[in-house]
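Single-structure report; data block below.
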Amino acid sequence: MTHVAVPLVLRMGFGKAKVSNRLVILACIAAILPDVDVIAFKLGIPYASAFGHRGFSHSLLSVVIVGLFASICYKPLKSDPKWAFFIVSLSMASHGILDSLTNGGLGIAFLWPESNHRYFLPWRPIEVSPIGIKNFFTARGLQVILSEIVWVWFSCLMIGIITLTLRKTLNRRVIDNV
Ligand SMILES: [Zn+2]
Numbered sequence: 194m195t196h197v198a199v200p201l202v203l204r205m206g207f208g209k210a211k212v213s214n215r216l217v218i219l220a221c222i223a224a225i226l227p228d229v230d231v232i233a234f235k236l237g238i239p240y241a242s243a244f245g246h247r248g249f250s251h252s253l254l255s256v257v258i259v260g261l262f263a264s265i266c267y268k269p270l271k272s273d274p275k276w277a278f279f280i281v282s283l284s285m286a287s288h289g290i291l292d293s294l295t296n297g298g299l300g301i302a303f304l305w306p307e308s309n310h311r312y313f314l315p316w317r318p319i320e321v322s323p324i325g326i327k328n329f330f331t332a333r334g335l336q337v338i339l340s341e342i343v344w345v346w347f348s349c350l351m352i353g354i355i356t357l358t359l360r361k362t363l364n365r366r367v368i369d370n371v
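Residue 194 is where the sequence shown starts when you use our numbering, and the numbers rise one by one after that.
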């Protein structure tokens, strides 16, 4: 669920005028959508398969497809095509990027279907999340939650505050110059 930090920060930074309630809800769904692939474990699909966990659903192609869907639905999202694409695709792309900063599991198939190579970023400070809710209520689960608070929530909050401050400062300058 930590993945929703990114769309929430985008809303904070760009404001309700650019990121409507409906758009931020869709962006939150897009941010967690890649992990529907955990069903692969139940279906007996190997982790390393293109259709396994962190496979095709985490790819840049999936990001673009979901982003295009959002841009087509811009009217009910109370947005415009460019913003709907930008917010939803950035939220979904951030999922794979955050996963590639974790210290366990397999990497991310960013380039699927061109390649099923699994990528990690060179720096991986985030504790990998256990799969299954009951595994969170353990000492290891607590360690993961603390790691996500520090590396994701705190970092996103800082970016949100900086963007919000810049936006307010720029808006004030525009008003002062009118
Ligand atoms: Zn994931």
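Glycine included, each C-beta is placed from N, C-alpha and C at the ideal position. Quick caveat: nothing in here was measured; it's all calculated off a predicted structure.
ask   = So, are the CB atoms of residue 264 and residue 274 less than 8 Å apart?
value = Start at 1 with the first residue of the sequence shown, and residue 264 comes out as number 71. Start at 1 with the first residue of the sequence shown, and residue 274 comes out as number 81. It is a contact, given that the beta carbons lie within the stated cut-off.
ask   = Rounded C-beta distance between residue 312 and residue 293? I'm assuming under 8 Å.
value = Sequence index remark: in the sequence shown, residue 312 carries index 119 (1-based). Sequence index remark: in the sequence shown, residue 293 carries index 100 (1-based). Rounded, the Cβ-Cβ distance is 6 Å, consistent with contact.
ask   = Does the stretch 229-243 come within contact of the stretch 203-218, defined as at least 3 CB pairs closer than 8 Å?
value = The answer is no - the stretch 203-218 does not touch the stretch 229-243, with fewer than three Cβ pairs under 8 Å.
ask   = With contact counted as at least three CB pairs below 8 Å, one residue from each stretch, are the stretch 298-312 and the stretch 330-344 in contact?
value = The stretch 298-312 is not in contact with the stretch 330-344.
ask   = Cα-Cα, which of 272, 349, 302 is closest to residue 249?
value = Position 56 of the sequence shown holds residue 249. Here the closest residue by C-alpha is 302.
ask   = By how many angstroms is the C-alpha of residue 333 removed from the C-alpha of residue 342?
value = In the sequence shown, counting from the first residue as 1, residue 342 sits at position 149. In the sequence shown, counting from the first residue as 1, residue 333 sits at position 140. In a straight line, the C-alpha of residue 342 is about 14 Å away from that of residue 333.
key: Alpha-carbon to alpha-carbon, residue 315 and residue 323   = Numbered from 1 along the sequence shown, position 130 holds the residue referred to as residue 323. Numbered from 1 along the sequence shown, position 122 holds the residue referred to as residue 315. Answer to the nearest angstrom: the Cα atoms are 21 Å apart.
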